[in-house]
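Engineer:
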Amino acid sequence: MLSCLALSRPLRRKSSDLAQLRVRALFSSIAENATKLPPPANDDIDFQSLPWNLNLPDQHYYLHLTTTPMEGWTNLHYDPSTDGGILTSKRSDGTLSSLYHYSQNPLRLTPATTSLNYGTTIWEGLACRRSPTSHKALVFRPQKNYARFVQGAHAMCLPPPSYELFMRGLQLVLQNNIHLLPPSPDIDPNTGVPLGGAKLYVRPMLMGSGQQLGLHSSPQVSLVYFVSPTGSYFQGKAMGGLKLHLERRRSRAARGGLGSVKCCGNYAVTMKPLFDWNACRDAKKLGFDDNLYLELDTYRQSSLNEAILQELSAANIFLVLKTGEIVTPSLKRGTILPGVTRDSVLELAKAFKDELQPIVAKSVGVSSSDITISVSERDVRVRDLLDAVEVFITGTAAEIVPVQSIATSPTPNDELEGVEEESLSVTFPHGQALPGGPVTTKLLEILREVMAEKRACNVTKDWLCDVYESPEVFRRGGMN
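Residues 0 to 479, numbered by numbering that gives the first Met the number 0, are exactly what the sequence shown covers, in order.
1. R128 bridges to which residues according to DSSP?
2. Nearest-angstrom Cα distance between V472 and D369?
3. Alpha carbon to alpha carbon, how far is T407 from D288? Give it in angstroms, no decimals.
4. Determine the closest residue to T371 out of D378, V363, R377, with distance taken between C-alpha atoms.
5. According to DSSP, is E420 part of a helix, a strand, or is it coil?
6. Could you check if E294 is buried or exposed, using at least 16 other CB atoms within 10 Å of its CB as the buried criterion?
7. Quick one: using the 10 Å Cβ neighbour count with 16 as the cut-off for buried, is V344 buried or exposed?
8. Which of the three DSSP states, helix, strand or coil, is assigned to F391?
9. Of all the options A396, L98, D342, which has the alpha carbon lying nearest to the alpha carbon of G124?
10. Is N104 buried or exposed, if buried means 16 or more other CB atoms sit within 10 Å of its CB?
11. Specify whether the stretch 125-143 and the stretch 450-464 touch according to this definition: at least 3 beta carbon pairs, one from each stretch, less than 8 angstroms apart.
12. Taking the alpha-carbon positions, what's the I358 to S404 distance?
13. Please confirm whether I186 and P37 have their CB atoms less than 8 angstroms apart.
14. I need the boundaries of the beta strand (DSSP E) containing S114, first residue and last residue.
15. Out of A360, V390, A152, which has the shortest C-alpha to C-alpha gap to S217?
16. Expressed to the nearest angstrom, what Euclidean distance is found between the alpha-carbon atoms of V379 and Y99?
17. Please report the Cβ distance between W122 and M204, rounded to the nearest whole angstrom; I am assuming they are in contact, meaning their Cβ atoms lie under 8 angstroms.
18. Counting pairs of Cβ atoms below 8 angstroms between the stretch 383-390 and the stretch 320-335, do you hit three or more?
19. Let me confirm a value: A146 is counted as buried when at least 16 other C-beta atoms fall within 10 Å, else exposed. Which label applies?
20. Kindly indicate which three-state DSSP category G430 falls into: helix, strand or coil?
21. I'd like to confirm something about L86: is its beta-carbon nearer than 7 angstroms to some heavy atom of the ligand FAD, or not?
22. Along the chain, where does the beta strand (DSSP E) that runs through I405 open and close?
23. Per DSSP, what are the beta-bridge partners of R377 in this structure?
24. Touch check for the stretch 324-338 and the stretch 300-315: three-plus C-beta pairs under 8 angstroms?
25. So, are the CB atoms of N265 and G394 less than 8 angstroms apart?
26. Restricting to Cα atoms, I'd like to know which of T119, L222, S208 is closest to I514.
27. With which residues is G256 paired in a DSSP beta bridge?
28. Does the beta-carbon distance from S231 to V220 come in below 8 angstroms?
29. Buried or exposed: which applies to M270, given that a residue is buried once 16 or more other Cβ atoms fall within 10 Å of its Cβ?
30. Quick check: what's the CA-CA separation for L4 versus A350?
31. Quick one: what's L122 bridged to in DSSP?
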């Protein structure tokens, strides 16, 4: 969660060029569709210097549709049988009527907007990358994002869009911002594996945009898509793996709450533990990169080791144990966000288990014949950290990042309640340097190879969606 302002430094264009950029963006989907390839990356943008933030907003276009809870999303908004509707209708100048310039035509909200007063906003985060293999513009697993989007819509009493509407909106906002797609990542000359690079991040949002004072569902609902070219989430934050703070006092989510919903409140609750004005409670000022939260109902001051792990502020966590188990906390409690990268790592680890066998053995320090790999989701307790040889985190923005240490901090005197809490400090030697230990590194390589069309299996057959394919092929996924 960088605190940088939106950058204009990497941009060398003058504001007078915005009209030219708009024309280029608006007609790119038509001109380039014949070859199904995006235009070359914009040389005037230093993509590699971009942080994880909103960058170059004066070059963005966003999509915006509205409806009411009673009406919902219908064929009037988007009809997949004709590719018609409000979403694809055009103004007299040929531009999409649902498309707006981010800086010149910002979203208009009133003080009584439901989402501002009652937090009824959900969103998704997806990445579009330029393939180093085919040079196509590819979105990674949007089908999973849609499933989570629908779950969140129901949790916030918002009408979810159809799958066809969700995917067509995603496709159109990317086509109309394709001038912000970074170049393909470099390839490691030694391994042939794509290196990490910048991406075009996409955020679909569903929000209560109507006006009201009472606590009830919004009279108007907005579906919005916006983009930003970005670097890595943890870019520049650590020379080695992450240093995590084990948070024992404050809760990120509880059973029966919204911990599994990608809504605004899911993230707002993590800010104070990260950026508290009191240095004794501020994870950042204490030298940590992020907090690792517990299921607080399982924590007792005399038995920290039995407490169940949850997740970070905005990422899931994995452990590689001495037994050969690759494990991540279970979703069954309903307190953990079902991350798309989390699910991808689980699926890839199972699909390529045989290939991982000697890698896990190397990490543990035994021969390959002396260990059996298992991939699991279960309750992970603090004591499991003591048996871990590697720990890493996953997320759309972060991909896969190693962890070098997890520790508690001294409890502030005003929170002691007469009992000194147990402490914990564990270091993972494999996480001291990037890209991490043998298993972390291999899983990152496999993930990036899949994203770059350099590796595939039956599990991954529909994971990549080509922005310049037809709407039908795009929403189906898979490469032709």
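For every residue, glycine included, the Cβ atom is placed at its ideal position computed from N, Cα and C.
Structural biologist: According to the data block:
1. Per DSSP, the beta-bridge partners of R128 are L137.
2. Looking at the backbone, the Cα of V472 and that of D369 are separated by about 46 angstroms.
3. Distance between the alpha carbons of D288 and T407: 13 angstroms.
4. Closest option to T371, Cα to Cα, is V363.
5. In this structure, E420 counts as coil in the three-state DSSP scheme.
6. That one is buried.
7. Classification for V344: buried.
8. Note: F391 maps to strand in three-state DSSP.
9. It is A396.
10. Answer is exposed; the Cβ neighbour count stays below 16.
11. Verdict: yes, contact present.
12. When rounded, the distance between both Cα atoms is 21 angstroms.
13. No, the pair does not count as a contact, with Cβ atoms beyond the cut-off.
14. Counted as a single uninterrupted DSSP element, the stretch harbouring S114 is not any beta strand (DSSP E) but the alpha helix (DSSP H) occupying residues 113-117.
15. Nearest of A360, V390, A152 to S217, Cα basis: A152.
16. When only Cα atoms are considered, V379 and Y99 end up about 46 angstroms apart.
17. Rounded to whole angstroms, the Cβ separation of W122 and M204 is 4 angstroms, and the two are in contact under 8 angstroms.
18. Short answer: they touch.
19. Answer is exposed; the Cβ neighbour count stays below 16.
20. When secondary structure is reduced to three states using DSSP, G430 falls in the helix class.
21. What this structure holds is no ligand at all, so the ligand FAD is not there to describe.
22. For I405, the uninterrupted beta strand (DSSP E) run begins and ends at 398-406, by DSSP.
23. BP columns for R377 point to P328.
24. In short, these stretches touch, since the Cβ pair count reaches three.
25. In this structure, G394 does not lie closer than 8 angstroms to N265 by Cβ.
26. Nothing can be reported for residue 514, as the shown portion of the chain is limited to 0 through 479.
27. Per DSSP, G256 has no beta bridge partner at all.
28. Not a contact, by the Cβ cut-off of 8 angstroms.
29. Residue environment analysis places M270 among the exposed positions, since fewer than 16 neighbouring C-beta atoms fall within 10 angstroms of its C-beta.
30. Confidence in L4 is poor, its pLDDT being 28 and thus under 50, which makes the residue's placement unreliable; the coordinate value appears in the next sentence. In a straight line, the C-alpha of L4 is about 41 angstroms away from that of A350.
31. In the sequence on display, residue 122 carries Trp and not Leu. In DSSP, W122 forms a bridge with M204.
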